[in-house]
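Input: a single structure, listed below in structure tokens.
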Amino acid sequence: MKSRIVLFISAVLVVTAGCSNTSSDAIESDVSPVSCTSTTIIDGPVNIATTVAPITSIVANIAGGSGATITGIVPEGTNSHTFEPKPSDAATLENADVIFINGLVLEEPTKDLALANLKDGAIICEVGSAILSPDQYIYDFSFPKDGGKPNPHLWTNPPMAKQYAEVVRDVLSRLDPAHADLFTQNYAAFAEKIDALDAAMITATATIPEAQRKLLTYHDAYAYFSVHYGYTVIGAIQPSSFDEPTPKEIANLITQVRESGVTAVFGSEVFPSPVLEQIGAETGVRYVDVLRDDDLLGEPGGAEHSWLGLMRFDYATMVEALGGDASALKTLDVSDVVKDNATYPQ
Ligand SMILES: [Zn+2]
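In the numbering used here, the protein residues as written are 82 to 427.
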């Protein structure tokens, strides 16, 4: 009985504290916790949480050398689109001064958990939402407009990844002004590598006959990439539910592959699908099943375990399968600009 009373009293206290917090926040501050504008200055190394591995890698390239701690939440090789964080991820999120997420409705369960555990003054910065306005969102095959989730894969397009890095630089410089010069230097070095990757992909793309610059992928991760490099995404096989396509959808895709004259269809290492194999076999078109949109190559600490390494691998795979010459990509230096000490859950 006694313990029940104690519990009841503490519940009242929590509710009261919650109310007063809300009202004082509303009066004192118009800064939303979901924002890339922080008014807080951190005394000491910044604690950073991130979601998918490409964002973790981009953040690590900017924050490296400042003593910041970077912890990813979404394990590599899992479906980030349906990922539900574990209750234990709350500890990582509640310690963070800033949580970098992609946004464009990619990581809602993680964002909800972050909001519920956000420490005072901390922010959730949606880098994708920060650089793209809703009228620029692409809705397409696996991300139809009526589903309410835009295609979130901005990081497979280098100029957009560079803008992510810019947002990260600005957020970290405000949080930790003592290291602002370092973040600026890291950004400049990283931007140079991104530009080199971009230039190499433009060179490599030019070696593919224009009529063959067509992508049929399983996972729908190259929408913004295709606009930038002049490819046509003729389709993406994965339904918006992330289930397997129906037999009718498969039959339509087989017709589409035959009519489009594509020279290769691309599967994803994270989403092995017998369907794509079947389409390849029935149409006689080459089936390449190794693309990966957010699962970095190798193991953490490895030479190609980086956003740069991942993009170089995907681009070279596409270019060669479509009949082009990927040597401009293969000679690139894709090492990180600083040592990556981030934690990548596996
Ligand atoms: Zn994806």
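For each residue, glycine too, the CB sits at the ideal point set by N, CA and C.
Take the Cβ of residue i as the centre, count every other Cβ of all protein chains shown within 10 Å, and call the residue buried at 16 or more, exposed below.
i, result
"D262", "exposed"
"G148", "exposed"
"I108", "Interpretation of I108 is limited by its pLDDT of 39, a score under 50 that renders its predicted location unreliable; the figure taken from the coordinates is listed afterwards. Looking at its Cβ environment, which holds fewer than 16 other Cβ atoms inside 10 Å, I108 is exposed."
"I212", "buried"
"D106", "Any answer about D106 is weak, because its pLDDT of 41 lies below 50 and its placement is not dependable; what the coordinates show is given next. Counting Cβ neighbours within 10 Å, D106 comes out exposed, since fewer than 16 surround it."
"P239", "buried"
"Y303", "buried"
"V308", "exposed"
"L196", "exposed"
"A409", "buried"
"K329", "exposed"
"Q427", "exposed"
"Y268", "buried"
"D201", "exposed"
"N333", "exposed"
"S110", "Here the model assigns S110 a pLDDT of 47, short of 50, so the residue's position is not dependable, and the following value carries that caveat. Counting Cβ neighbours within 10 Å, S110 comes out exposed, since fewer than 16 surround it."
"T336", "exposed"
"F323", "exposed"
"T103", "Model confidence at T103 stands at a pLDDT of 38, short of 50, so the residue's coordinates are unreliable; what they give is reported in the following sentence. Exposed: under 16 other Cβ atoms inside 10 Å."
"D301", "buried"
"D276", "exposed"
"I151", "buried"
"E401", "buried"
"S161", "buried"
"A384", "exposed"
"Q217", "exposed"
"E189", "exposed"
"S210", "buried"
"P355", "exposed"
"I122", "exposed"
"E380", "exposed"
"T132", "buried"
"G31", "The shown model of the chain, from 82 to 427, leaves out residue 31, and the question about it has no answer."
"G342", "exposed"
"D375", "buried"
"K167", "exposed"
When every heavy atom of ligand 1 is checked, does at least one fall within less than 7 angstroms of the C-beta of residue i?
i, result
"A384", "no"
"H260", "no"
"S354", "no"
"S161", "yes"
"D376", "no"
"R304", "Just to set this straight, residue 304 is Ala in the shown sequence, not Arg. Every heavy atom of ligand 1 is 7 angstroms or more from the Cβ of A304, so no."
"H309", "no"
With DSSP as the reference, please indicate the residues paired to residue i in a beta bridge.
i, result
"N128", "T150"
"T424", "T152"
"V419", "The partner list for V419 (beta bridge, DSSP) is empty, contrary to what the question assumes."
"V140", "In DSSP, V140 forms no bridge with anything."
"V495", "The requested residue 495 is not part of the displayed model; the chain covers only 82 to 427."
Comparing the CB of residue i with every heavy atom of ligand 3, is any distance shorter than 7 angstroms?
i, result
"V252", "In terms of ligand content, the structure shown lacks ligand 3 and carries ligand 1 instead."
Every unbroken alpha helix (DSSP H) within the region 360 to 407, with a cutoff of 4 residues, ordered by chain: Taken in chain order, the whole alpha helix (DSSP H) runs of length 4 or more contained in the region 360 to 407 are 388 to 402.
Secondary structure, alpha helix (DSSP H): runs of 4+ residues fully inside the region 175 to 223: Entirely contained in the region 175 to 223, the alpha helix (DSSP H) runs reaching 4 residues are, in chain order, 189 to 198 and 208 to 212.
Segments assigned beta strand (DSSP E), at least 3 residues, entirely inside the region 281 to 317: With a minimum length of 3 residues, the continuous beta strand (DSSP E) runs that stay inside the region 281 to 317 are 295 to 298 and 313 to 317.
Residue ranges of each alpha helix (DSSP H) within the region 329 to 364, 4 or longer: Runs found: 355 to 364.
Completely contained alpha helix (DSSP H) runs for the region 235 to 266, where each covers 4 or more residues: Along the length of the region 235 to 266, whole alpha helix (DSSP H) runs at least 4 residues long occupy 239 to 256, reported in chain order.
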